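Engineer: Sharing a structure, written as structure tokens. Questions coming.
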Ligand code: G
Ligand code: MN
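Residue numbers (my numbering): 6 to 409.
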């Protein structure tokens with residue numbers, strides 16, 4: 006049975022089935038950039054039509070849900086009859102389903118076409134999905150119009166599907182509080198190996214979309230959910246941190262951008278600390294600059310408020326990424342955490358040694374303590390100790406782990 010016959014079959018069952026359930030639509034459209042313009046030729050589209058129909062048939066071959074496909078010029082609409090059920094669940098199902106197949110199609114077709122024409126880029130396949138309830142008093146024509154419009158709108162940008170799926174995963178993660186904190190020891194180099202404190206690090210159960218905290222926090226920022234996620238991670242960090250001894254510190258990562266948020270309210274952190282018999286004197290906020298700080302004024306104001314309550318401040322990732330000397334000058338932290346990129350092989354690289362030496366001098370003048378991050382080898386530990394670094398952290402001294 007070919008696709009067209011399937012479609013005819015779909016149309017006849019449609020007539021018998023008298024409008025119940027939902028109509029699902031997957032929309033596919035190639036978008037060509039200037040660089041890939043050469044590909045948007047008649048022969049490209051002809052091959053794409055053949056490819057898509059062949060693949061759709063292979064996928065839907067025995068599916069009761071499949072109703073048929075329809076070309077509108079070079080845009081493809083695949084329609085499906087979905088069972089009655091909750092709209093949200095059906096949308097989730099269709100998202101997963103469409104993502105699984107169309108991602109493979111895009112790669113496969115790009116490979117087939119590319120290897121033949123030697124063109125490096127053939128553009129991007131835009132994919133959108135939509136689900137509309139059938140039988141809500143709308144005429145067939147209107148339903149079709151509705152579902153096609155929705156699918157096109159959803160698929161307008163490249164990666165729309167993936168973004169929807171990630172967003173769903175993120176909403177679930179925040180809603181169900183699916184972050185588990187782990188803690189990595191920070192060791193004092195002056196008193197023999199004593200544990201000065203722990204850095205709390207967020208770990209997620211969902212590794213499909215977010216392999217690590219970096220990806221997770223980056224995506225949350227894109228979606229405007231930094232605040233919710235950051236707050237969840239902070240609360241979890243305090244929640245899971247049971248056996249802090251007198252004077253030991255809990256280092257909690259906070260994105261600098263959070264401080265610029267007018268809604269950022271420190272009161273909640275305090276009451277949570279009190280529930281765990283901790284005080285602000287146990288807590289060091291590690292400020293990370295994922296992008297450069299736009300408004301030092303407001304960040305400083307928030308930090309001053311925290312400081313007056315007894316919290317301390319560390320600047321994270323010093324010597325890497327966006328981390329700037331300006332933030333050291335403006336924020337006057339209590340600790341500088343020198344990034345792993347500087348510490349790695351510091352015993353073998355004179356330039357790195359000079360940089361750390363300079364940071365130590367600067368910090369000493371400002372009354373700031375240095376923490377060396379990412380110590381993995383004995384030689385690195387010996388070198389930072391020799392240079393006079395106060396605290397160290399890294400796999401050699403302890404891996405991040407949960408308190409059990
Ligand atoms: O940016 P920040 O310093 O907060 O990053 C901490 C990250 O570094 C965590 O994901 C942690 O697991 C990782 N980490 C901690 N110690 C080491 C180490 O010694 N080597 C490496 N490669 N990674 C480390
Ligand atoms: Mn950190």
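Glycine residues also receive a C-beta, built at the ideal position from the N, C-alpha and C atoms. Just so it is clear, the structure is predicted and the values come from calculations on it, not from any experiment.
Should residue 403 and residue 273 be called a contact, given that it needs their Cβ atoms to be closer than 8 Å?
Structural biologist: What you label residue 403 is simply residue 398 of the chain shown in a count that begins at 1. What you label residue 273 is simply residue 268 of the chain shown in a count that begins at 1. Taking 8 Å as the Cβ cut-off, residue 403 and residue 273 do not qualify as a contacting pair.
Engineer: Only counting the same chain, and skipping five residues up and downstream in sequence, which positions put a Cβ closer than 7 Å to that of residue 399?
Structural biologist: Within the chain shown, the letter at position 394 stands for residue 399. If we look at residue 399 and ignore the five residues flanking it on each side, its Cβ neighbours are 378, 379, 380, 381.
Engineer: Can you give me the C-alpha to C-alpha distance between residue 79 and residue 289, rounded to a whole angstrom?
Structural biologist: Residue numbering aside, residue 79 sits at position 74 when the chain shown is read from its first letter. Residue numbering aside, residue 289 sits at position 284 when the chain shown is read from its first letter. Answer to the nearest angstrom: the Cα atoms are 57 Å apart.
Engineer: Determine whether the Cβ of residue 279 lies closer than 8 Å to any Cβ atom of chain D.
Structural biologist: In the structure shown, chain D does not exist; there is a single protein chain.
Engineer: Does the distance from the CB of residue 338 to the CB of residue 365 come in under 8 Å?
Structural biologist: Taking the chain shown and counting its residues from 1, one reaches residue 338 at position 333. Taking the chain shown and counting its residues from 1, one reaches residue 365 at position 360. No, these two residues do not count as a Cβ contact at 8 Å.
Engineer: Residue 81 and residue 74: beta carbons closer than 8 Å?
Structural biologist: Walking along the chain shown from the start, residue 81 turns up at place 76. Walking along the chain shown from the start, residue 74 turns up at place 69. In this structure, residue 74 lies closer than 8 Å to residue 81 by Cβ.
Engineer: Since residue 303 and residue 329 are thought to touch, with beta carbons under 8 Å apart, how far apart are those beta carbons, to the nearest angstrom?
Structural biologist: Residue 303 sits at position 298 when you count from the first residue of the chain shown. Residue 329 sits at position 324 when you count from the first residue of the chain shown. Contact flag wrong, Cβ pair sits at about 17 Å.
Engineer: Buried or exposed: where does residue 66 fall if 16 or more other Cβ atoms within 10 Å of its Cβ makes it buried?
Structural biologist: In the chain shown, the residue the question calls residue 66 occupies position 61. Result: exposed.
Engineer: Please state the DSSP three-state secondary structure of residue 166.
Structural biologist: Here residue 166 refers to the residue found at position 161 of the chain shown. Helix.
Engineer: On the three-state DSSP scale, how would you describe residue 148?
Structural biologist: Numbered from 1 along the chain shown, position 143 holds the residue referred to as residue 148. Helix at residue 148.
Engineer: Any chance the CB of residue 254 is under 7 Å from a heavy atom of ligand 2?
Structural biologist: Within the chain shown, residue 254 is the residue found at index 249, counting from 1. Not under cutoff, so the answer is no.
Engineer: For residue 415, which three-state DSSP category applies?
Structural biologist: A question about residue 415 goes unanswered here, because the residues of the chain that appear run from 6 up to 409.
Engineer: Rounded to whole angstroms, how far is the Cβ of residue 33 from the Cβ of residue 132, which I believe are closer than 8 Å?
Structural biologist: On the chain shown, position 28 is the one that residue 33 refers to. On the chain shown, position 127 is the one that residue 132 refers to. For a cut-off of 8 Å, the C-beta gap from residue 33 to residue 132 is around 6 Å, short enough to register as a contact.
Engineer: Could you tell me the distance, in whole angstroms, from the CA atom of residue 135 to the CA atom of residue 237?
Structural biologist: The residue given as residue 135 occupies position 130 in the chain shown. The residue given as residue 237 occupies position 232 in the chain shown. Going by the C-alpha atoms only, they are around 32 Å apart.
Engineer: Which residues have their C-beta within less than 6 Å of a heavy atom of ligand 2, listed in chain order?
Structural biologist: 204, 258, 291, 321
Engineer: From this set, 252, 407, 156, 53, which residue's C-alpha is nearest residue 316's C-alpha?
Structural biologist: Reading the chain shown from its first residue, position 311 is the one you call residue 316. Taking the Cα of residue 316 as reference, the smallest distance to any Cα among 252, 407, 156, 53 is reached at 252.
Engineer: Shortest alpha-carbon distance to residue 166 belongs to which of 148, 103, 113?
Structural biologist: In the chain shown, residue 166 corresponds to position 161, counting from 1. Comparing Cα positions, the closest option is 103.
Engineer: What do you get for residue 248, buried or exposed, if any count of 16 or more other CB atoms within 10 angstroms of its CB means buried?
Structural biologist: Translated into positions along the chain shown, residue 248 becomes position 243. So residue 248 counts as exposed.
Engineer: Determine the DSSP secondary structure at residue 23, reduced to helix, strand or coil.
Structural biologist: Numbered from its first residue, the chain shown carries residue 23 at position 18. Its pLDDT being 46, under 50, residue 23 is placed unreliably in this model, and the coordinates cannot settle the point.
Engineer: Taking residue 194 as the reference, which of 406, 407, 405, 385 has the closest Cα?
Structural biologist: Numbered from its first residue, the chain shown carries residue 194 at position 189. Closest option to residue 194, Cα to Cα, is 385.
Engineer: Let's test the definition: count the other Cβ atoms within 10 Å of the Cβ of residue 239 and tell me whether it reaches 16, buried, or not, exposed.
Structural biologist: Position 234 of the chain shown, counted from the first residue, corresponds to residue 239. That one is buried.
Engineer: Between the alpha carbons of residue 113 and residue 59, how many angstroms are there, rounded?
Structural biologist: Here the question's residue 113 lines up with position 108 in the chain shown. Here the question's residue 59 lines up with position 54 in the chain shown. Their backbone Cα atoms lie some 13 Å apart in a straight line.
Engineer: Within the continuous alpha helix (DSSP H) that includes residue 356, where are the two ends?
Structural biologist: To locate residue 356, count along the chain shown from 1; it is residue 351. That run of the alpha helix (DSSP H) goes 355-371.
Engineer: Considering only residues of the segment 199-227, which uninterrupted alpha helix (DSSP H) runs meet the minimum length of 4 residues and lie entirely inside it, listed in chain order?
Structural biologist: 218-227
Engineer: In three-state terms, what does DSSP make of residue 310?
Structural biologist: Here the question's residue 310 lines up with position 305 in the chain shown. Three-state DSSP puts residue 310 in a helix.
Engineer: Would you call residue 406 buried or exposed, if buried means 16 or more other Cβ atoms sit within 10 Å of its Cβ?
Structural biologist: The count along the chain shown starts at 1 and reaches residue 406 at position 401. By the 10 Å Cβ count, residue 406 comes out exposed.
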